[in-house]
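Each protein sequence line maps, in turn, to chains A and B. The working numbering numbers the first residue of the first sequence as 12 and each following residue consecutively. The working numbering numbers the first residue of the second sequence as 5 and each following residue consecutively. Only one structure is covered here, and it is reproduced in the block below.
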Amino acid sequence: MKESSLRRRIFADRAFQALVALLSFCAILPMFFILFFITKNGIAVINWNFLTRLPAPVGETGGGIANGIIGSGLLIVLSSVIAVPVGVLTGIYLAEHRKGKFAYLSRLSVEILMGIPSIVIGIIAYIWVVMPTGSFSAISGGVALGIMMLPVIVMSTEETLKLIPDSLKEASLALGVSYPRTILKVILPAGLNGIVTGVLLSVARVTGETAPLLFTAFGSPFMAVNILKPVSALPLTVFNYATSPYPEWHALAWGASFVLLVFVLALNLTAKLGLRKWKVQF
Amino acid sequence: MESPVLRIENFCAGFDSNQVLKDINLSILRNKITAVMGPSGCGKTTLIRCINRMHELIPNANVSGKILLDEQNIFDLDPIIVRRKIGMVFQRPNPFPTMSIYDNVIAGYNLNGIRISKGDKDRIVEESLKKAALWDEVKDALHRKGTFLSGGQQQRLCIARALAMDPEILLLDEPTSALDPKSTAHIEELVVHLKDAVTIIQVTHNIPQAARISDFTAFIYLGELVEFGPTEKLFTVPKDKRTEEYLTGKFG
């Protein structure tokens, strides 16, 4: 081969590598900008009162987001109680029945559910829960968020369990262990790492959701823990403060965004790094 | 002649229309080692997976005929009862990865929810590991994960796990095929010692291994039981031409 063409190849090679690196860099920029701006604007208002006080009336200074934090916590608990059992059991079913029409239908439904806009899920929860009970409520918000968590939990459970070798199931069955016990005591513990990761990621996914809460949990300026009454949530707090005309409320919106961001970031990092050492070696 | 512990009568098995085993008749004597040998795909693994009813776990699997354990047809029993009486060790070691060595050995009790005292557990674990010739190597590491052991040790752990249930019969499905020669020799020696305590049926495609360890040998070819008899006789004066050809390496 001629030296000049070889040089051209090496050049093309390097240029391509540089391009790929540059574009990868562009892909990580938004995250750093978001982290930077929210931290810069939000961290100033963070103090103990901000985290533990209720919102102040217009015109008064101070006030906090305690209602949003408690409300988000309540919604996460409610949605997890709904979505984790259903999601994990569906995931087990799909992993155990890889073929078959019903499994195919379930898998397809879950995949479609993943793509349904969150506002539509909010409307569904409104029709299912808010209209019959006649009131906006934490439980209706929990239903909406639970439906949103479901596909993530189902898919991560299914993918995790599919990777567990069949030999493990056979080992248990060959000891005369019944099928349900084999699933609960051998297969689930072996896949616990992946399932918990999926649950954490699904919580991270719904914690920031605003749209499905607008006509379910609705928001509340009070410290509400009754699941049949409207509650606030951090994204609703951000939404209400940010759309208000008062500059001091905008500052509170940044602060609430910062709290939300830190929480979601912590969940993601726990899911990615923290659970790694739990991983089961086969 | 002693009474057989297991009798297989007119037994056929397969998947859908694919018949893997054809009309097998075989009697297994108590406290003997019976080797089941034959070329790959002949149905020998299917046969022993039928004996503890693991075969039927595969979709579309079917069986016909009888397998009598102590004169009772295992297909009339609950598979869970059958599997507690007939233990199995697989081709590849498969200790439970989430459990310690101790918990692996006692897993048959814990997973089944059988409640026994801590003292009994300790005794069963120690006895089983001693029977599986693993006790001396792991007695100081009982609470470490079983997956840290070497392949041969893991396989002996799986044997200990099966023995802990005190089975009548132990099925070994090519237990040394994934192991190095030294571990293989270790397991062979162990199996010979074990026959005082338990009846052993071992599948192997390793002809010399069948000759070394077994009392009886069954030769299966294309799903048929070609020949069955005392190992010494079958290896020295085979009755069937196909057995002779297999033993001399003409096929398989």
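Think of the CB as a built atom: it goes at the ideal place given N, C-alpha and C, for glycine as much as any other residue. The structure displayed is predicted, hence computed values, not measured ones.
S183(A): contacting residues in chain B (beta-carbon distance under 7 Å): Result: L115.
Does the distance from the CB of F15(B) to the CB of K70(B) come in under 8 Å? For the 8 Å CB-CB criterion, F15(B) and K70(B) form a contact.
From S181(B), E248(B), I217(B) and V86(B), residue whose alpha carbon lies closest to that of E231(B): Out of S181(B), E248(B), I217(B) and V86(B), E248(B) has the C-alpha closest to the C-alpha of E231(B).
Check whether the Cβ of R87(B) lies closer than 8 Å to any Cβ atom in chain A. In terms of beta-carbon proximity, R87(B) lines the interface with chain A, with at least one pair separated by less than 8 Å.
Below 7 Å on C-beta distance, what does L223(A) contact in chain B? Here residue 223(A) is Pro; the residue named in the question, Leu, does not match the sequence. Taking the beta carbon of P223(A) as reference, no residue of chain B falls within 7 Å; the closest one sits roughly 37 Å away.
Name the two residues that bound the continuous beta strand (DSSP E) containing C16(B). DSSP places C16(B) inside the beta strand (DSSP E), whose first and last residues are P8 to F19.
If the cut is a Cβ gap below 7 Å, which residues of chain E does K196(A) touch? As a matter of chain content, chain E is missing from the structure shown, whose protein chains are A and B.
Using a Cβ-Cβ distance cut-off of 8 Å, determine whether R119(B) contacts chain A. R119(B) is outside the set of residues whose beta carbon lies under 8 Å from a beta carbon in chain A.
Less than 8 Å between the beta carbons of V210(A) and I164(A), yes or no? Cβ distance < 8 Å, so V210(A) and I164(A) count as in contact.
I'd like to know whether the C-beta of R96(B) is nearer than 8 Å to at least one C-beta of chain A. Closer than 8 Å to some Cβ of chain A, the Cβ of R96(B) qualifies, so yes.
Taking Cβ positions only, does V207(A) come closer than 8 Å to chain B? It does not: the Cβ of V207(A) has no partner Cβ on chain B nearer than 8 Å.
What does L174(B) reach in chain A if we use C-beta pairs closer than 9 Å? Near L174(B) there are no residues of chain A at all, since even the closest Cβ is about 11 Å away, more than 9 Å.
Report yes or no: is there a C-beta of chain B within less than 8 Å of the C-beta of A200(A)? This sequence places Pro at residue 200(A); Ala is not what is there. Yes - at least one Cβ of chain B is within 8 Å of the one on P200(A).
Interface partners of M169(B) on chain A, CB under 9 Å: Against chain A, a Cβ distance below 9 Å from M169(B) picks out L186 and G187.
Indicate whether K42(B) and P99(B) have their beta-carbon atoms separated by less than 8 Å. For clarity, residue 42(B) is Gly in the given sequence; the question names Lys instead. With respect to P99(B), G42(B) sits apart: the two C-beta atoms are not nearer than 8 Å.
Could you check whether A244(A) and G82(A) sit closer than 8 Å to each other, using their CB atoms as the reference points? Against a cut-off of 8 Å, the Cβ pair of A244(A) and G82(A) comes out as a contact.
Using three-state DSSP, classify F226(A) as helix, strand or coil. Note: F226(A) maps to coil in three-state DSSP.
Of the listed residues E75(B), T208(B) and R246(B), nearest to T50(B) (C-alpha basis): With distances taken between Cα atoms, T50(B) lies closest to T208(B).
Just to confirm before moving on: does the CB-CB distance between G91(B) and L167(B) stay below 8 Å? The Cβ-Cβ distance between G91(B) and L167(B) falls below 8 Å.
State yes or no: is the beta carbon of L179(A) nearer than 8 Å to at least one beta carbon in chain B? Answer yes: the Cβ-Cβ gap between L179(A) and chain B drops below 8 Å somewhere.
Which residues in the same chain as L280(A) place their Cβ atom closer than 6 Å to its Cβ, once the five residues preceding and following it in sequence are excluded? Contacts found: none.
Over what stretch of residues does the beta strand (DSSP E) that includes P234(B) continue unbroken? Per DSSP, P234(B) belongs to the beta strand (DSSP E) from E228 to P234.
Q159(B): first and last residue of the uninterrupted alpha helix (DSSP H) it sits in: Per DSSP, Q159(B) belongs to the alpha helix (DSSP H) from G155 to A168.
Quick one: does R192(A) have its CB under 8 Å from some CB of chain B? True, the Cβ-Cβ gap to chain B drops below 8 Å.
Assigned exposure category for K48(B) - 16 Cβ within 10 Å defines buried: K48(B) comes out buried.
Compare the beta carbon distance of S183(A) and R96(B) with 8 Å and say whether it is the shorter of the two. No, the Cβ-Cβ distance between S183(A) and R96(B) is not below 8 Å.
Measuring CB to CB, does G266(A) end up less than 8 Å from I57(A)? Yes. Within cutoff.
Tell me which same chain residues have a C-beta within less than 6 Å of the C-beta of K135(B), skipping the five on either side of it? Answer for K135(B): L167, listed in chain order.
Within the 8 Å Cβ cut-off, does P212(B) reach chain A? Chain A, which has no Cβ nearer than 8 Å to the Cβ of P212(B), makes this no.
Y115(A) classed as buried or exposed, judged by whether at least 16 other C-beta atoms fall within 10 angstroms: Exposed: under 16 other Cβ atoms inside 10 Å.
C-beta neighbour in chain B for V291(A), strict 8 Å: Yes, contact with chain B.
Chain A contact for G156(B) (CB, 8 Å cutoff): For G156(B), not one C-beta of chain A is nearer than 8 Å to its own C-beta.
When we look at the beta-carbon of D74(B) and count the other beta-carbons within 10 Å, is it buried (16 or more) or exposed? A residue is called buried once 16 or more other Cβ atoms fall within 10 Å of its Cβ, and D74(B), having fewer, is exposed.
Hey, would you say P246(A) sits closer than 8 Å to F229(A), going by beta carbons? With a cutoff of 8 Å on beta-carbon distance, P246(A) and F229(A) are scored as not near each other.
Given this structure, state the Cα-to-Cα distance separating E71(A) from T101(A), to the nearest angstrom. Approximately 50 Å, taken between the alpha carbons.
In its own chain, which residues sit with a C-beta less than 8 Å from the C-beta of K186(B), not counting the 5 before and 5 after it? Excluding residues within five positions, the ones whose Cβ falls inside 8 Å are G156.
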